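First residue of the sequence shown? That's 45 in my numbering, and the numbers climb one at a time after it.
Note that CB positions come from ideal geometry on N, CA and C, so glycine has one too.
Just so you know, these numbers come straight off a predicted model, no measurement behind them.
Taking it in order: structure first as C-alpha cells, then the write-up.
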Amino acid sequence: MIVYDLICAQQHRFEGWFGSSEEFTRQRGDALIRCPMCDDAKIERRPSANIQVGRATIPAPETPSPVTEHKDAPVANVEAQALKVIRRLIAETDNVGRAFPEEARKIHYEEAPKRGIRGQATHEEADALREEGIEFMSVPDLFTRDLN
Ligand SMILES: [Zn+2]
C-alpha cells in the first residue's frame with residue numbers, strides 16, 4: 045500500500061492510497077483519480093514527508109500522461125477510503141508504542157515472530173529503519189490520534 049499526496053489543477057491537496065505505483069499510474073491514466081473537492085482529474089503527485097513506501101517500491105519520477113474525461117467514472121472518496129484502511133490496519137496490529145523501531149527490527153531480522161505492529165518513531169528512527177530495508181508505512185497523526 046502506498047500513500048501519495050496528490051494535488052489537483054485547482055491546488056486542492058488530498059491523499060490517495062494505491063496498491064502500487066503502477067496502480068496509481070493506471071488509475072490516473074484512466075482519469076479514475078478525482079479531486080474530492082472539485083472532481084478534477086488532472087492530478088499530480090506532490091512531494092511530502094507523508095509518502096512512505098518500502099525501499100523496493102519507490103517509483104521513478106513520472107511524466108504527466110494525457111488525461112481523458114469520463115464523466116461517469118467513479119469519484120473516489122479518498123479520505124473515507126484512507127480512514128477505512130487505517131482503521132483496519134490499526135485493528136490488525138499490535139500497538140508497541142515507542143518500542144516500534146526496536147520491534148520492527150526484531151521482526152525484520154526474525155528475532156521475533158512475524159506480526160503486524162504499529163507505534164511511534166521519530167523521523168531519524170524511521171530513516172534508519174528504511175535504510176536497513178525494513179518496510180513500514182507512516183500515517184499522519186491526524187488519522188490515528190483518536191484511535192490509539
Ligand atoms: Zn480540486
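Is residue i near ligand 1, judged by its Cβ being under 7 angstroms from some heavy atom?
i    : result
Q54  : yes
D49  : no
D84  : yes
R181 : What sits at residue 181 in the sequence shown is Met, not Arg. Flag unset: Cβ of M181 not near ligand 1.
M81  : yes
Please classify residue i as buried or exposed, where buried requires at least 16 other C-beta atoms within 10 Å of its C-beta.
i    : result
P157 : exposed
G60  : buried
A124 : exposed
R162 : buried
R57  : exposed
C82  : exposed
E147 : buried
A135 : exposed
DSSP puts residue i in a beta bridge; with which residues?
i    : result
F58  : L50
I178 : The partner list for I178 (beta bridge, DSSP) is empty, contrary to what the question assumes.
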